[in-house]
Amino acid sequence: MTDPYEVLGVPRNVSEAELKEAYRRLAQQYQSPDGNMSDDAIEKMKEINDAYDQIISQRRNPAGGGNDNYYAGYSPNNPASEFSDIRSLIMSGKYEQAQTLLDGIPIDRRSAEWYYLNGSVLYRRGWFDQAYTNFATAARMEPSNREYASALNEMENKRSGNPYRTHNAPTNMGGGCTACDICQGLICADCCCECLGGDLIRCC
Amino acid sequence: MFGYIKAYKPEMKVKEFETYKTLYCSLCRELGKAYGIFARLTLNYDFVFLAIAAAGVNDGCPKYVNGRCAFNPLKKCGKAEGCEKELSFAAGVAMIMLYYKLLDNIADGNIFRKFGCTLVRPFAARARKKAMKKYPAVDEIISDLMQKQSEIEKDGNISVDLAAEPSSKGLSEILKMAADDEPTKNLYGHIGYCVGKWVYLVDALDDYDKDCKNGNFNPLKSKKDMSREQLEEWVLGIMNFCICEACDAFEKVQFKKFRPLLENVLYMGLPHVQEDIIKKERKKANDRPL
């Protein structure tokens, strides 16, 4: 449940070309030369792909508009989810049906995931206070779950005031990389390499 | 209920402030022209916000002309030519809202309020009739809003989200009418929803002490068990969230003009208004005799 712009490390007003460049850079980091990827890398790649697709589809179709999709940007293929049908409804924007299904679940079966999905639907409806309460309950019931913690975190950020904070935060990331930055980076890399016994740049 | 959606002057560029003031004066003129001289007394910044939001997404560059204030001939005031459609829309919404607000006060207010509002009612009814001819959809939206609101408020103990729902939905529908194309309508719908919710909550916060004293409905009463600080923190959390959501949607709108004015209102005006109300409440609490 993270902001796709944060995943790719780009500001909200990033151009499509810069976005593609950021995507390529991140993808190179996680793809190893021999084609074998660790599980972590696979998951991270998926996150990056989802974020990229989300931003592109949001921009091409702003009719999704003010109902920003990043709260629905989670994986629908989570096999451990017992509410995958509700998740798919939320992903496709069918909030009324999702709410109906959620309300139909008896209280003893309302797990942390139920509260999280209920919070998501309430958020889409604009019931921000109840959405917050639900997210808080989900995070409390399962503190180790990153999805719920991230949703709660995002809400708390917005509830703390200063609307500029949530918009201008990543402006310094993914921006320009000057020659000074490159040179600095190379010198640091060379020093680190030499400390470990190698030598990145022969003449430094 | 009115007068909360204002710009924050200290952070406005002089040219933006001049434009803002000119639009305020232009709305005054439009009210006077369409609905008579007494309609001008109902002027407030909320409807200026509506006019600016409507004009901001339309093409055309307004021509600014100097003039004099009708109430104070010693004061200069400007006129924006080229925004007639949007100003007329804002004026129409103002008249319809005023009428229903009067009805609400007559039903719920104390004896002095009832009397005052009953006197003004015929003029308001006439203005509303004129406005209704031009904007029948607006009348439907607002009468629906008021009816739902009074139904919901019959139950004293409801969630704040449910209590704010009619106002939020109402402003959402009205702001949607200010846009022409589908993507902007959706964005404006979301901005309207969030700002409507914010106005409802800020009004509830402003009237909280009075409502507790008089036994009137107030959605914040459901949290009576909280201390004053906790209540403020809780309601500020929701209001801040509303502002952030509105700003998120605002970023995506393709504005043709007046973007800095609306940015100032959403990003700075609303937070400062809520801060002022909290300070005012705190001052009142601190000034109470021991």
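Chain order of the listed sequences is G and X.
Per numbering that gives the first Met the number 0, the first sequence starts with residue 0, numbered consecutively.
Per numbering that gives the first Met the number 0, the second sequence starts with residue 0, numbered consecutively.
Cβ atoms here follow ideal geometry from the backbone N, Cα and C, with glycine treated the same way.
By the neighbour-count criterion, in which a residue is buried when 16 or more other Cβ atoms sit within 10 angstroms of its Cβ, residue 86 (chain G) is buried. With its beta carbon less than 8 angstroms from one in chain G, residue 159 (chain X) belongs to the interface.
Within the segment 144-224 of chain X, the complete alpha helix (DSSP H) segments of 4 residues or longer fall at 159-176, 181-205, 207-213, listed in chain order.
Contact annotation: the segment 138-150 of chain X touches the segment 160-178 of chain X, with at least three C-beta pairs closer than 8 angstroms. For residue 141 (chain G), the three-state secondary structure derived from DSSP is coil.
Interface with chain X (8 angstroms Cβ-Cβ cutoff): residue 127 (chain G) is included. Looking from the CA of residue 94 (chain G), the closest CA among G:121, G:191, G:114 belongs to G:121. From the beta-carbon of residue 118 (chain G), no residue of chain X is found nearer than 9 angstroms; the closest lies around 12 angstroms away. Per DSSP, reduced to three states, the secondary structure at residue 256 (chain X) is coil, with no helix or strand assignment. Taking 8 angstroms as the threshold, the shortest C-beta distance from residue 279 (chain X) to chain G does not fall below it. The contact set of residue 159 (chain G) on chain X, defined by CB atoms closer than 7 angstroms, consists of 239 in chain order.
For the pair of segments examined, the segment 119-137 of chain X was found to touch the segment 90-103 of chain X: the number of CB pairs separated by less than 8 angstroms reaches three. Against chain X, a Cβ distance below 9 angstroms from residue 10 (chain G) picks out nothing, because the smallest value is about 11 angstroms. No Cβ of chain G is located within less than 8 angstroms of the beta carbon of residue 221 (chain X). By the beta-carbon neighbour count (other beta carbons within 10 angstroms, threshold 16), residue 38 (chain G) is exposed.
DSSP, read as helix, strand or coil, puts residue 203 (chain G) in coil. Contact with chain G is found for residue 250 (chain X), since one of that chain's Cβ atoms lies less than 8 angstroms from the residue's Cβ.
Of all C-beta pairs linking the segment 47-67 of chain X to the segment 170-179 of chain X, three or more are shorter than 8 angstroms, placing the two stretches in contact.
The Cβ of residue 196 (chain X) sits closer than 8 angstroms to at least one Cβ of chain G. Chain G has a Cβ within less than 8 angstroms of the Cβ of residue 167 (chain X).
In this structure, the beta-carbon distance from residue 18 (chain G) to residue 54 (chain G) falls below 8 angstroms. Distance from residue 12 (chain X) to residue 264 (chain X) at the Cβ level is roughly 14 angstroms; contact not present, criterion being Cβ atoms closer than 8 angstroms. Listed along the chain, the chain X residues whose CB falls inside 8 angstroms of the CB of residue 154 (chain G) are 240. For residue 111 (chain G), DSSP records no beta bridge to any residue.
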